[in-house]
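Trainee: Got a structure for you, written out below as structure tokens; questions coming shortly.
2 protein chains.
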Amino acid sequence: MSKRDIANLRRWHVEAAQRARRAGYDIVYVYAGHDMTMLQHFMKPQYNQRGDEYGGSLENRVRLTREILTEVREAVGHECAVAFRFSTDELLGEDGLQAESEGRDIVAMLAELPDLWDVNISGWENDSATARFEPNEGYQEAYTAFVKSLTSKPVVGVGRFTSADAMVSQVRRGLLDLIGAARPSIADPFLPRKIDEDRFDEIRECIGCNICVAADNIVAPIRCTQNPTQGEEWKQGWHPETIEAAASDDPVLVIGGGPAGLEAALQLANRGYAVTLAEAGETLGGRVSRESELPGLASYARVRDYRENLLRQKANVDIYLGNRLSADDVVELGIPQVLVATGARWRRDGVGRTHYFAIDGVGQVEALTPDDVMDGAEVSGRVLVYDDDHYLMGSCIAELCRQRGHEVCLLTPASIVAAWTDYTLEQEKVQARMLDLGVEIVVSQEIDSLRPGEAEIVNVYHEAYRQTLAFDTLVLITSRLPQDELYQALLAQEERFDTLRAIGDCHAPGTVAAAVYDGHSAARHLGSGEDTYAPLFNRELPALD
Amino acid sequence: MSKRDIANLRRWHVEAAQRARRAGYDIVYVYAGHDMTMLQHFMKPQYNQRGDEYGGSLENRVRLTREILTEVREAVGHECAVAFRFSTDELLGEDGLQAESEGRDIVAMLAELPDLWDVNISGWENDSATARFEPNEGYQEAYTAFVKSLTSKPVVGVGRFTSADAMVSQVRRGLLDLIGAARPSIADPFLPRKIDEDRFDEIRECIGCNICVAADNIVAPIRCTQNPTQGEEWKQGWHPETIEAAASDDPVLVIGGGPAGLEAALQLANRGYAVTLAEAGETLGGRVSRESELPGLASYARVRDYRENLLRQKANVDIYLGNRLSADDVVELGIPQVLVATGARWRRDGVGRTHYFAIDGVGQVEALTPDDVMDGAEVSGRVLVYDDDHYLMGSCIAELCRQRGHEVCLLTPASIVAAWTDYTLEQEKVQARMLDLGVEIVVSQEIDSLRPGEAEIVNVYHEAYRQTLAFDTLVLITSRLPQDELYQALLAQEERFDTLRAIGDCHAPGTVAAAVYDGHSAARHLGSGEDTYAPLFNRELPALD
């Protein structure tokens, strides 16, 4: 950057702040965080190797930030506050900014310049850590607690706060003045009000899965595992807390108490329908109950707990556990509106992202699925985990097997472990954990054929590159199929029902977020007469000059 | 998909076609190509494993396409044509559709249903193959030539056609009726007119680099290596063929005849300026002349040839080769408007995507850069190519060294070879070629330190995983630095000039496309008084209901 570039950057900041002020904003941010802004880059000797007054000493590296903070402060006047977002630490040790050294020094140098300090850790994967890697609220405390001791200005911080106790503790102990909570507010935009009104058990707690972040990374509409209305408030008119009253007095039968069934039952109950929820197992939750037992996924149980707790309080909901319905049972019940949420099961034949047909020889080996492992199937000796799913399950199963003392080889056609978790900011942490645990990692190879005790694998780029991997136990994690036998049997007599719809994984296996969304959507549309498979929604219309 | 889903899909196709017709379109497409449409997916047994009348036999797998073609044909009336895009082959052998079997059968089955056959190969990486992997025009001929023999309807096809001879040959030999050319039209929207008017040497030929495709894949505004006006026609009012007349009679000096300098000189000449182009070397082209000598990159020479040819015909352009100017020389010339396009050189210290500082021990080993190799430096024995750049250079240097008989190890911190070429649809082909050539590939490892003859490398995910790689020759391909000594010396006496600007790699090392764009932009803005570093441009403004 030339001096002219720097002058331009300063001017653009001032002009942007003035525009924001004219547009009516009360707070304007100056930003040095997430390893993504020029101001933070100027602070870091890793990036800033200038020889002039903007490089070298810390004073010089902070000069641009000081100038912009001062100029923006002057530009917006005193009816508008200037907040400064600053990452005190990058969790990179000596390769990055550290709270115990320059991170602290920078806060001291700029202490009184902003009106509000907004402090966190960097990069985004550390700031928005998932529950798998940061299970506790307030996990940034060790890096930001010092800030209040160096400034008289108010301080706000984050840490996936979802409970009033944890928030109050931060304030009472003098660590923060204001609680920031982005993901928890995505999961429940009414979080502050529910705390204010002592409605604690109505809080939809963020589970820290970063599906919201993934939507950003794949340039798709935002989704939230806990809050299916997220992003649909304007597009479909879905309010996070209110829902249209029932269209009729018809009772509704929901079959299956997993994520889709629970959400559908809850929202139908909120609409005033008389809801019968039939669950084949002895507990509610379906896949989230099972998966929350896996290493790192405990928070998924919140998807069940929030809904089960509210459903148990509803007078218009009957829950039947241990209640596996046949098609004849359903017909006999005579309920005209039926949602089938019987979930999905992992395939046993190896069909997944890479294999369109059953893997050659799969019938000759005893392959386990994740369902088998979660059901307690015996795992012995060296375990070969074949991950052609690429999201959470492969590394969770590998971790579980290592915890139990098995030698584990994690094989995937992707070039990295758990490739899809790149979108949830977890990939590097997952692969590091696998290496920490001593899991053998084999990437960019697919299974070509199976024989008892060994897999012939082939390089995904070149079929001449082949090798053999031995195993005692093989776990195939490839894709899932709907458990829709009941739905298909009912579909054959569709005329008996006013509504008959498969929802969630039973309709199309996907993320928990997708199942919750589908259950919610089915409940919203029930009785509306709309084609719920092709909902119209509001769109921004471009106007060209 | 249920039968209702299928009925919906058919209805949506019809409704969409009717909307298109109402909006005034003359041709509506039905699409079964690029492995991305439902119709193609229904055709493929790899995806379609249905047991009903839409699965099983080829007749059944084509049923949905036949229905939709028929229904869309009926829906749009006879003032609108229905074209059918169909990929006859997927280049997957028995794992995909093949032109010699079902691809051909499908054309025969649907022969007279569409008004126009638009045929190609699939997926996108085969259809839009780069020049590196498909150097010749008409490379799809072997897969689409049969189509005309099976239908009386006109047939259009593609194959990166840029020359009239190749196009005419297709028509004369009865292979195609119409020539499709998307990328060549991006490079030159006036391609048809220039052929029509016998202005062949004014055609800006597509170089087949797929930078246009990369923009799509990274969700960025489209760019073209050859045509810098692409995507700027409305945003900035840049016409591909016309440009504003000179703002003054001042002469202009362009220093450096690489991509940025050539484009700037050409457009300044088009504006009517008296242009002096000074090039230190004995030939024009700069980096594209050097890089076009590498395996697979020959087409980059077109960036030079198109511009040099036109510049040589201009009366208002003086080209000086072998003319290395010092700052004193430039001052002495007394030309008030100066653009400095002296390019960039590869770093020798290992600083790149992964290393922010010089690699430990780099001073103790004799490391080559790509510039050294292109300049003919001696390469001996086992070559370790360290690619921390991740685009073209690493695999091209590796290929060159293998061609010369060296043992080659290609080491990269990325998890795949030439990771950035994923965006240009080349990555799988690059990695396959490396394996074909017997290059040893080491991924997800960075160099931790260097000693004579060996590199200690460390896993990018976990510092405990280390190993040593031996080499006789080390090539470091990490990042580039501007060759801007002349520019900096002139900047110290900036007051002598009306315009003094570094352009292209000398301003900011990047792609050839970025350099051409920067040279074009500088020529457009020269004398305008606008701040060319922050151009305003037209944007779509959303209007909310």
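Chains as they are written, first to last, in numbering that gives the first Met the number 0: chain V, 0 to 544; chain B, 0 to 544. We put the CB at the ideal spot given by N, CA and C, even for glycine.
Could you check if B:Gln545 is buried or exposed, using at least 16 other CB atoms within 10 Å of its CB as the buried criterion?
Mentor: The structure shown has nothing for residue 545 of chain B, since chain B only spans 0 to 544.
Trainee: Skipping 5 residues on each side, what residues in its chain have a beta carbon closer than 8 Å to that of B:Arg344?
Mentor: Thr368, Asp370, Arg479, Leu480 and Gln482
Trainee: Report the rounded CA-to-CA distance for B:Glu281 versus B:Val378, giving the unit in angstroms.
Mentor: 25 Å
Trainee: Beta carbon of V:Tyr299, beta carbon of V:Arg203: below 8 Å?
Mentor: no
Trainee: So which residues on chain B does V:Glu427 lean against when the C-beta distance must stay under 9 Å?
Mentor: Those are Val459 and Tyr460, listed as they occur along chain B.
Trainee: Quick check on this structure: which residue in V:Arg346, V:Leu293, V:Arg270 and V:Ile358 has the alpha carbon closest to the alpha carbon of V:Asn315?
Mentor: When each option's Cα is compared against that of V:Asn315, the closest is V:Arg270.
Trainee: Scan the stretch 488-539 of chain V and note each continuous alpha helix (DSSP H) run of 4 residues or more that stays entirely inside, going in chain order.
Mentor: 511-524
Trainee: Going by C-alpha to C-alpha distance, which of B:Gly342, B:Thr228 and B:Glu365 sits closest to B:Thr510?
Mentor: When only C-alpha atoms are compared, the closest one is B:Gly342.
Trainee: Alpha carbon to alpha carbon, how far is V:Lys152 from V:Leu112? Give it in angstroms, no decimals.
Mentor: 9 Å
Trainee: Could you give the residue range of the beta strand (DSSP E) that holds B:Phe83?
Mentor: Ala80 to Asp88
Trainee: Given a limit of 8 Å on CB to CB distance, which residues of the stretch 339-356 of chain B reach chain V?
Mentor: Tyr355 and Phe356
Trainee: Measuring straight from C-alpha to C-alpha, what distance separates V:Gly92 and V:Glu99?
Mentor: 10 Å
Trainee: Chain V partners of B:Ile415, CB-CB under 8 Å?
Mentor: Ser414 and Ser443
Trainee: So V:Val457 packs on V:Ile396, CB below 8 Å; how close in whole Å?
Mentor: That pair is no contact at about 23 Å.
Trainee: Output the residue ranges of the beta strand (DSSP E) runs that lie fully inside the stretch 118-186 of chain B and measure 3 residues or longer, sorted by chain position.
Mentor: 154-156
Trainee: Taking 8 Å as the CB-CB limit, is V:Ala431 close to chain B?
Mentor: yes
Trainee: Are V:Asp504 and V:Ala259 close, meaning C-beta to C-beta below 8 Å?
Mentor: In this structure, the beta-carbon distance from V:Asp504 to V:Ala259 falls below 8 Å.
Trainee: Alpha helix (DSSP H) containing V:Leu63: first to last residue?
Mentor: Leu57 to Val75
Trainee: Return the first residue and the last residue of the beta strand (DSSP E) that V:His405 is part of.
Mentor: Run containing V:His405: none; DSSP gives neither H nor E here.
Trainee: Please identify, using Cβ separations under 9 Å, the residues of the stretch 29-53 of chain V that lie next to chain B, in order along the chain.
Mentor: Lys43, Pro44, Gln45, Tyr46 and Gln48
Trainee: With 16 as the cutoff for other CB atoms within 10 Å, does B:Leu391 come out buried or exposed?
Mentor: buried
Trainee: Can we say the stretch 421-436 of chain B touches the stretch 319-338 of chain B, given the rule of at least three CB pairs closer than 8 Å?
Mentor: no
Trainee: By Cβ distance, which residues of its chain are closer than 7 Å to V:Glu290, with the 5 residues on each side in sequence left out?
Mentor: Leu296 and Tyr299
Trainee: Just to make sure I have the definition right: I need the residues of chain V whose C-beta is within less than 9 Å of the C-beta of B:Tyr305. Which are they?
Mentor: Within chain V, no residue comes near B:Tyr305; the closest Cβ sits about 31 Å away, beyond 9 Å.
Trainee: Going by DSSP, what residue range makes up the beta strand (DSSP E) through B:Ile456?
Mentor: Glu453 to Asn458
Trainee: Alpha carbon to alpha carbon, what distance is there between V:Leu409 and B:Arg352?
Mentor: 28 Å
Trainee: Please confirm whether B:Leu267 and B:Leu489 have their CB atoms less than 8 Å apart.
Mentor: Result no, Cβ atoms of B:Leu267 and B:Leu489 do not sit closer than 8 Å.
Trainee: Looking at the C-beta of V:Val218, does it have a partner C-beta in chain B at a distance below 8 Å?
Mentor: yes
Trainee: Should B:Ile120 and B:Val61 be called a contact, given that it needs their Cβ atoms to be closer than 8 Å?
Mentor: no
Trainee: Comparing the C-beta of V:Asp88 with each C-beta of chain B, is any distance below 8 Å?
Mentor: no
Trainee: Relative to the C-alpha of V:Val459, which candidate in V:Val441, V:Gly452 and V:Ile476 has its C-alpha closest?
Mentor: V:Val441
Trainee: For B:Asp435, which residues in chain V fall below 8 Å Cβ to Cβ?
Mentor: Chain V residues near B:Asp435: His461.
Trainee: Is the CB of V:Tyr546 under 8 Å away from at least one CB in chain B?
Mentor: This structure does not reach residue 546 of chain V, given that chain V is present from 0 up to 544, and the question cannot be answered.
Trainee: What does a CB cutoff of less than 8 Å around V:Val29 pick up in its chain, not counting 5 residues either side in sequence?
Mentor: Closer than 8 Å at the Cβ level, and outside the excluded window around V:Val29, lie His12, Leu38, Thr64, Ile67, Leu68, Val71, Val81, Ala82, Phe83, Arg84 and Pro113.
Trainee: By DSSP, does B:Tyr221 sit in helix, in strand, or in coil?
Mentor: As written in the sequence, residue 221 of chain B is Ile, which differs from the Tyr given in the question. The answer is coil: DSSP assigns B:Ile221 none of H, G, I, E or B.
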